[in-house]
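**Student:** Every number in the UniProt record's numbering is 340 more than the matching position in the sequence shown, counting from 1.
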Amino acid sequence: YKVNYAPYKNEKNEKGGLVLVIQDITEQEKLENMRKEFVANVSHELKTPLTSIKSYTETLLNGALENKEIAKNFLSVVYSEADRMTRLVRDLLQLSNFDSKKVFFNKTKNDLVKLINNSIMKLDMTVKNKKQRLEFITKYDSLEGYFDYDRIEQVILNIISNAIKYTEERGKVEVFLEKEDNTAIIRVKDTGIGIPKEDLSRIFERFYRVDKARSRELGGTGLGLSIAKEIIEAHNGLIKIDSEVGKGTEVTIHLPLKEDNM
Ligand code: ADP
Numbered sequence: 341y342k343v344n345y346a347p348y349k350n351e352k353n354e355k356g357g358l359v360l361v362i363q364d365i366t367e368q369e370k371l372e373n374m375r376k377e378f379v380a381n382v383s384h385e386l387k388t389p390l391t392s393i394k395s396y397t398e399t400l401l402n403g404a405l406e407n408k409e410i411a412k413n414f415l416s417v418v419y420s421e422a423d424r425m426t427r428l429v430r431d432l433l434q435l436s437n438f439d440s441k442k443v444f445f446n447k448t449k450n451d452l453v454k455l456i457n458n459s460i461m462k463l464d465m466t467v468k469n470k471k472q473r474l475e476f477i478t479k480y481d482s483l484e485g486y487f488d489y490d491r492i493e494q495v496i497l498n499i500i501s502n503a504i505k506y507t508e509e510r511g512k513v514e515v516f517l518e519k520e521d522n523t524a525i526i527r528v529k530d531t532g533i534g535i536p537k538e539d540l541s542r543i544f545e546r547f548y549r550v551d552k553a554r555s556r557e558l559g560g561t562g563l564g565l566s567i568a569k570e571i572i573e574a575h576n577g578l579i580k581i582d583s584e585v586g587k588g589t590e591v592t593i594h595l596p597l598k599e600d601n602m
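1. Let me make sure I understand the geometry here. Which of V513, V417, T589 has the alpha-carbon closest to that of E557?
2. Do the segment 413-430 and the segment 390-403 touch if we need at least three Cβ pairs shorter than 8 Å?
3. Here's the rule I'm using: 16 or more other beta-carbon atoms within 10 Å means buried, otherwise exposed. How should D488 be labelled?
4. If we call anything under 8 Å between Cβ atoms a contact, is A553 one with G532?
5. Quick check: the Cα distance between N601 and Y486, rounded to an integer number of angstroms?
6. So, at 8 Å on beta carbons, what are the nonlocal neighbours of E584 in its own chain, with the 5 sequence-adjacent residues on each side left out?
7. State the DSSP-derived secondary structure class of T561, mapped to helix, strand or coil.
8. Quick check: the Cα distance between T366 and G588, rounded to an integer number of angstroms?
9. Just tell me which of V382, N522, N373 has its CA closest to the CA of F547.
10. Quick one: using the 10 Å Cβ neighbour count with 16 as the cut-off for buried, is residue 610 buried or exposed?
11. Can we count V585 as close to the ligand ADP, meaning its CB is less than 7 Å from some heavy atom?
12. At the level of alpha carbons, what is the spacing between S459 and T466?
13. For G356 versus Y345, is the C-beta spacing smaller than 8 Å?
14. Does DSSP classify Y480 as helix, strand or coil?
15. Is N344 helix, strand or coil by DSSP?
16. Alpha carbon to alpha carbon, how far is V379 from L597? Give it in angstroms, no decimals.
17. Pick from E398, I593, L386: whose alpha carbon is nearest that of V429?
18. How about Y341 and Q368: do their beta carbons lie closer than 8 Å?
19. Suppose you measure from the CA of D439 to the CA of E377; what does that come to, to the nearest Å?
20. Does the ligand ADP have even one heavy atom less than 7 Å from the beta-carbon of G534?
21. So which of K468, R542, S541, I492 has the shortest CA-CA distance to residue 340?
22. Suppose you measure from the CA of L360 to the CA of K352; what does that come to, to the nearest Å?
23. Any heavy atom of the ligand ADP within a distance shorter than 7 Å of the CB on L563?
24. Using C-beta distances below 6 Å, list every residue in its chain close to S566, excluding the 5 sequence neighbours before and after it, in chain order.
25. Roughly how many whole angstroms lie between the Cα atoms of T448 and L432?
26. May I ask you to report which of helix, strand or coil DSSP gives L455?
27. Could you round the C-beta distance between T507 and D530 to whole angstroms and report it? I think they count as a contact, below 8 Å.
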């Protein structure tokens, strides 16, 4: 609370008491702080790859170009840093479009089983490279519902990619699909590093990461989960995360299947 006060005077200018103004600014202040933090985060996230691009090109211009092997090496760093910036800007633009409600969700009749199978196929190489097992467990041959296929696929790909990323080699990732009333329940469970209890409540915040260095190394932008939440909530669904350090993480998504879930 913000408290302002002034002595009270009547028409004859005689003092008598005090005027108190109590204002609840905590919410407003919180939003302002979040905005500031967000801008600081964006600046930092853009500055890191830029610094790296600058120093590598500088070294190339100063003679490193003469050595073909070194030049190739440096250029691949420049390329991957530019790539990181592209991903970051793409994610930021998507979030900004959600914020200004510019996004149109194309909810059409789709099959969730097909969507999950396709997502798993797309991640096949990543899983093989880490010698992990990725399993899809469901009793359904098909499960139809009204949702934006591309956006839901984006969410599923992101959640499964996270499970793969934050799980060691030879670990296991399982995707379960169930149905309750008219809601699909998708669970992605991994045997990975887990998330400390104190971080769990903040994990859907923009740029919130347990281990910034590790996330960056793995190519993360720190925006994936916040985008996933926006998309699921735009479908009137919900997304939650449970985890235990050293044991694994489970992300649960409730996705309404009926046509009128706008
Ligand atoms: P990032 O691009 O960093 O992966 P996300 O928004 O997708 O960003 O996730 C935010 C953070 O949540 C990650 O940096 C990581 O610390 C944590 N996280 C997400 N999924 C998992 C998981 N399956 N296991 C462990 N940690 C996870």
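Beta carbons: idealized from backbone N, C-alpha and C, even for Gly.
**Tutor:** So, to answer that:
1. If we check each option's Cα against that of E557, V417 comes out closest.
2. The segment 413-430, when compared against the segment 390-403, does touch it at the 8 Å Cβ threshold.
3. buried
4. no
5. Reliability fails at N601, whose pLDDT of 49 lies under 50, so the model's placement of it is uncertain and no value is given.
6. Excluding sequence neighbours, E584 sits near G534.
7. T561 falls in the coil class under three-state DSSP.
8. 36 Å
9. V382
10. Here the chain has residues from 341 to 602 only, and residue 610 is not among them.
11. No, the Cβ of V585 stays beyond 7 Å of every heavy atom of the ligand ADP.
12. S459 and T466 have their alpha carbons spaced roughly 12 Å apart.
13. no
14. coil
15. strand
16. C-alpha separation (whole angstroms): 37 Å.
17. That would be L386, whose Cα lies nearest to the Cα of V429.
18. no
19. 17 Å
20. yes
21. Examination of residue 340 is not possible in this model, given that the chain is present from 341 through 602 alone.
22. 21 Å
23. yes
24. F544, R546
25. Rounded to the nearest angstrom, the gap between the Cα atoms of T448 and L432 is 26 Å.
26. If DSSP states are grouped into helix, strand and coil, L455 belongs with the helices.
27. 5 Å
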